[in-house]
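K.L.:
Just passing along the structure, written as structure tokens.
Protein chains in written order, with the working numbering: chain A, 534 to 695; chain B, -19 to 478.
Here it is as structure tokens:
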């Protein structure tokens, strides 16, 4: 944690959870309102399709404003940036599945996902990760393809499909 | 009710449904025991796999996961002072103290027996009260339903941990996410950014898996806490006569309390054990024993926890209102199966309702029979290091989601919601109110629109019905009440998870 204490009182400016959240929520609500502004409504539409999300976006805007004000006035808990290494590796692992699975099946996609995401562990042991990955992929073939008969290929290569 | 229950047993006792109930209970216990994965994440991951199962079967299995997790959570709470599930935090206090005195086996047995008794009584409560409540729902107009959903969301906000304002914002984000996609009434695309994969809206499994599956992994990797070490000797399983005598009252009181709190929207399963513990300590002639291994401190909260985990199905099935995030996922599962939860379930799908009610009793019996002899096995699972566990969970999330539509876009959105999950945690937001807002968003909007259409656009129509007025006043009062400093302090003390 970046520590507690007053936001503005004494010391320099410090990013608190509330200020960061307030700014993000305000940006989100303004973005939603901007996108909703592109929806055209006709006089035949008694209740415009953008009315309800618009009401919610205004409420969000107000909530974001309150949060920002609270953060600036009262301070509160400091904002701590997530560990970028584990975040990036997990996201890349999931995206890799999305890229590989449609063309090559879920076995190579799962292999990539497990190995890449496994690298994010602070106490990584590559050998045991590789062994577990192979065992889990064999288990998933039995579970998903043989038992549950999922409609996605296990392995798909030119001229070969399982 | 007896005839209906017998009908339910005839459905729940079919070989297929019994098998699904067993699978649900086993998976539930497993994830209740394992740290870093809770019932919300598990149900999200398994949601796509239930599409091929009958609606009754899928609900029986998912329900088994939910109450099975309550059992599993108490095992680790007692043995290693680590609640696998938030509802077991209270059990940990006296349960672990009993374990340190060499009475771990007795504590586990009391927890299991208390849960079984509570589960049995709660099954009868569901059977008795869900249908009458469903009949009340039939007289509600769209403005009343709108107010009822608002009240439900306010309960979720008030009973969420942390800042009330942040919980309100999380609910609103969820509601806005529910409006993404093609508007069914006008055919207009809303917030789709021209992406074809968003035309039909965001799937509940994508959002839930992202927030609670991927998001939970990211949160755990960010914390990187030390794994617990199992040192406790389990000892003799059967509690002494004195321990059983001391537990009878707390179990019955806990069951009553849990049954009531479970029905209320919000964190019933989280609140019930705390309330039970406080009451038992208050009425005890020897309150100083609490915290030192009092059996009442295990039996009461466990009964309350399990009763609440079951009666929270009442508002879901009778009104179509999920009182917590797990029930929101159940609502999603039912909707995907083409079933609209609410009063019509009793007439259109009596097999689903009564089959599930009966399966809960069977599931509780299964858990009692399976869990006590298998305690050693469950505890040994704690030795699986998280560094090997989370890549497996992540891969299962991906396979499950991809198998539904075979769309890479779904996987990318899941990753995106995972990032949203960790960001929310870092900013002090809870993810559960967002999921509840998302699941109820559709219904909230359709009743909002129907009210305005029926009144020719008159906004005062929201406060014309006396029922709606009462519900909205309750919602406002509850929100105002939760903002009072004394209440807020007490709320934070009770509801902060982990």
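Note that beta-carbon positions come from the ideal geometry of N, C-alpha and C, so glycine has one too.
Flag this pair as yes or no: are the beta carbons of residue 273(B) and residue 72(B) separated by less than 8 Å?
P.N.:
No. Outside cutoff.
K.L.:
Residues of chain A with CB under 9 Å from residue 383(B), in chain order?
P.N.:
Per Cβ cutoff of 9 Å: 639, 677, 681, 683, 684 and 685.
K.L.:
Assuming residue 568(A) and residue 171(B) form a contact by the criterion Cβ under 8 Å, report the distance between their Cβ atoms to the nearest whole angstrom.
P.N.:
Confirmed, Cβ separation roughly 6 Å.
K.L.:
Using 7 Å as the cut-off, classify the Cβ of residue 181(B) as near or not near the heavy atoms of the ligand PLP, replying yes or no.
P.N.:
The model depicted lacks the ligand PLP and carries no ligand whatsoever.
K.L.:
Please say whether residue 336(B) and residue 40(B) have beta carbons closer to each other than 8 Å?
P.N.:
A contact, by the Cβ cut-off of 8 Å.
K.L.:
Among -2(B), 12(B) and 124(B), which residue has its Cα nearest to the Cα of residue 447(B)?
P.N.:
Of the listed residues, the one whose Cα sits closest to residue 447(B) is 124(B).
K.L.:
With 8 Å as the limit, tell me which residues of the region 404 to 423 of chain B have their beta carbon closer than that to any beta carbon of chain A; keep them in chain order.
P.N.:
Under the 8 Å Cβ criterion, the region 404 to 423 of chain B contributes 406, 407, 408 and 409.
K.L.:
Give me whichever residues DSSP pairs with residue 161(B) in a beta bridge.
P.N.:
Beta-bridge pairing links residue 161(B) to 170(B).
K.L.:
Find out if the Cβ-Cβ distance for the pair residue 452(B), residue 130(B) is shorter than 8 Å.
P.N.:
The answer is yes: Cβ separation under 8 Å.
K.L.:
Would residue 198(B) and residue 650(A) qualify as a contact pair, given that the criterion is a beta-carbon distance under 8 Å?
P.N.:
Not a contact, by the Cβ cut-off of 8 Å.
K.L.:
Determine contact between the region 96 to 106 of chain B and the region 218 to 236 of chain B, defined as no fewer than three beta-carbon pairs at a distance below 8 Å.
P.N.:
Touching, yes.
K.L.:
Is the region 41 to 53 of chain B touching the region 282 to 290 of chain B, taking contact as three or more C-beta pairs under 8 Å?
P.N.:
At 8 Å Cβ cutoff, the stretches touch.
K.L.:
Which parts of the region 9 to 50 of chain B are runs of the alpha helix (DSSP H), unbroken and 4 residues or longer, counting only runs that do not cross its ends?
P.N.:
Complete alpha helix (DSSP H) runs here, min 4: 19 to 26.
K.L.:
Using a C-beta cutoff of 8 Å, does residue 619(A) count as contacting chain B?
P.N.:
At least one chain B Cβ lies under 8 Å of residue 619(A).
K.L.:
To the nearest angstrom, how far is the alpha carbon of residue 149(B) from that of residue 449(B)?
P.N.:
Taking the straight line from one Cα to the other gives about 24 Å.
K.L.:
Express the C-alpha separation of residue 308(B) and residue 691(A) in angstroms, rounding to a whole number.
P.N.:
If I take the Cα positions, the gap works out to 43 Å.
K.L.:
State the DSSP-derived secondary structure class of residue 666(A), mapped to helix, strand or coil.
P.N.:
It is helical.
K.L.:
Quick check on DSSP: helix, strand or coil for residue 569(A)?
P.N.:
Of the three classes helix, strand and coil, the one that applies to residue 569(A) here is helix, per DSSP.
K.L.:
Once DSSP output is grouped into helix, strand and coil, what is the label at residue 146(B)?
P.N.:
Residue state, collapsed to three classes: helix.
K.L.:
Hey, does residue 155(B) have any beta-carbon neighbour from chain A nearer than 8 Å?
P.N.:
Yes, residue 155(B) lies at the interface with chain A (some Cβ there is under 8 Å from its Cβ).
K.L.:
Among 284(B), 59(B), 160(B) and 2(B), which one has its Cα closest to the Cα of residue 173(B)?
P.N.:
If we check each option's Cα against that of residue 173(B), 160(B) comes out closest.
K.L.:
Quick one: list the residues of chain D neighbouring residue 146(B), beta-carbon separation under 8 Å, in chain order.
P.N.:
The displayed structure is made up of protein chains A and B, and chain D is not among them.
K.L.:
To the nearest angstrom, how far is it from the Cα of residue 394(B) to the Cα of residue 194(B)?
P.N.:
Computed Cα separation, rounded: 8 Å.
K.L.:
List the DSSP bridge partners of residue 693(A).
P.N.:
DSSP output for residue 693(A) lists 690(A) as bridge partner(s).
K.L.:
Rounded to whole angstroms, how far is the Cβ of residue 282(B) from the Cβ of residue -8(B), which I believe are closer than 8 Å?
P.N.:
At roughly 24 Å, the Cβ-Cβ gap does not stay under 8 Å, so residue 282(B) and residue -8(B) are not in contact.
K.L.:
When burial is assigned at 16 or more other CB atoms within 10 Å of the CB, is residue -19(B) buried or exposed?
P.N.:
Exposed, since its Cβ has fewer than 16 Cβ neighbours within 10 Å.
K.L.:
Determine the chain A residues that contact residue 379(B) at a beta-carbon separation under 7 Å, and present them in chain order.
P.N.:
Under the 7 Å cutoff, chain A gives 639, 643, 673 and 677.
K.L.:
Report the start-end ranges of each alpha helix (DSSP H) in the region 253 to 305 of chain B that is 4 residues or longer and not cut off at the edges.
P.N.:
Whole alpha helix (DSSP H) segments, 4+ residues: 276 to 291 and 293 to 299.
K.L.:
Using the Cα positions of residue 8(B) and residue 293(B), report the straight-line distance between them to the nearest angstrom.
P.N.:
Distance between the alpha carbons of residue 8(B) and residue 293(B): 17 Å.
K.L.:
Is there a Cβ from chain A that is less than 8 Å from the Cβ of residue 438(B)?
P.N.:
Cβ-Cβ to chain A under 8 Å: no for residue 438(B).
K.L.:
Could you compute how far the alpha carbon of residue 557(A) sits from the alpha carbon of residue 571(A)?
P.N.:
So the alpha carbons of these two residues sit roughly 22 Å apart.
K.L.:
My guess is that residue 414(B) and residue 154(B) are in contact by the Cβ rule of under 8 Å, so how many angstroms apart are they, rounded?
P.N.:
Rounded, the Cβ-Cβ distance is 4 Å, consistent with contact.
K.L.:
Counting C-beta neighbours from all protein chains within 10 Å, is the total for residue 163(B) 16 or more, i.e. buried, or is it exposed?
P.N.:
Result: buried.
K.L.:
Could you tell me the alpha carbon to alpha carbon distance between residue 541(A) and residue 626(A), rounded to whole angstroms?
P.N.:
Residue placement at residue 541(A) cannot be trusted, given a pLDDT of 43 that sits under 50; what the coordinates show is reported in the next sentence. Roughly 40 Å separates the two Cα atoms.
K.L.:
Note the first and the last residue of the continuous alpha helix (DSSP H) segment covering residue 112(B).
P.N.:
Start and end: 84 to 117.
K.L.:
Ordered along the chain, which non-local residues of its own chain (more than five positions away) have a Cβ less than 8 Å from that of residue 144(B)?
P.N.:
Closer than 8 Å at the Cβ level, and outside the excluded window around residue 144(B), lie 137, 138, 459, 462, 463 and 468.
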